[in-house]
Amino acid sequence: CVIKMAASAVVGKPVMKFYKKTTCFSCAWDTMFQAISKRYPNPHSSHVLSEDIIDRYTNDGKLYTKKLFSKTSSIKPPRWGEWILGGASTAFIVEESVVDPSLKTFTTYSRNLTLTRLSLVEEKCEYFMSPDDPSMTCVTKSAWFKSSITGLSRPIEHFIKERYQKNTERAEKGLQYVIDKLISPHYRSKS
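Counting in our numbering, the sequence shown runs from 515 upward without gaps.
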């Protein structure tokens, strides 16, 4: 259940696009933490092929994790961009996260490792307990899009940003699906 959304904007540099959105979910922070940890697979994430933990450790009461995701790269570029992508069918993304249970925050930093010449996408997600209602958990997603292809950077960045926005909607539906499973009495009795 979405209660707040911020509009996207373009940052100062004309060759980089920026996106930001805050969404709140009807669940406590502890449930959100579980949902993020169990978000794959879900019916809205068939493009996620694997999720591997590369590194995990604790320091100063915080949990640090580095993951590698492989996802299908089903980018359907405009006709003018087909030559850039070639036949790449799998994309790799690295995600680094910090969980602070005392502050009830979970922050992830992600970036693509594949197709970086086409577009570098960097994402920061901040999950936090709603300051207005402790039974709600919010996430602020910020993303930066930059292409280094001379002469085509603006249309590529625009295309990637639009695609990211659509994928964000799918990710929210997938996360809501996992949250609903976690809070349903049937699921809890199986755990």
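The C-beta atom is built at its ideal place from N, Cα and C for all residues, glycine as well. In this text the structure is predicted, and so the values were computed from the model without any measurement.
- CA-CA distance, residue 661 to residue 604, rounds to 19 Å.
- Setting aside the 5 residues that flank it on each side, residue 582 is surrounded in the same chain by 566, 568, 606, 608, each with a C-beta closer than 7 Å to its C-beta; the list follows chain order.
- Straight-line spacing of the CA atoms in residue 575 and residue 668 works out to 43 Å.
- Under the DSSP assignment, residue 553 falls outside any beta strand (DSSP E); it carries neither an H nor an E label.
- In the DSSP assignment, residue 566 falls within the unbroken beta strand (DSSP E) covering 562–573.
- Where residue 685 is concerned, the enclosing alpha helix (DSSP H) starts and stops at 667–697.
- As computed with DSSP, residue 577 is found in a beta bridge with 572, 613.
- With contacts defined as CB atoms closer than 7 Å, residue 534 and residue 692 fail to qualify as a contacting pair.
- Here DSSP, grouped into helix, strand and coil, assigns residue 657 to strand.
- Residue nearest to residue 656 within the set 622, 557, 554 is 622 (criterion: CA-CA distance).
- Between residue 561 and residue 586 a beta carbon distance of about 5 Å is seen, short of the 8 Å cut, so the two are scored as contacting.
- Between the alpha carbons of residue 670 and residue 683 lies a distance of about 20 Å.
- Annotated as proximal: residue 564 and residue 584, with beta-carbon spacing under 7 Å.
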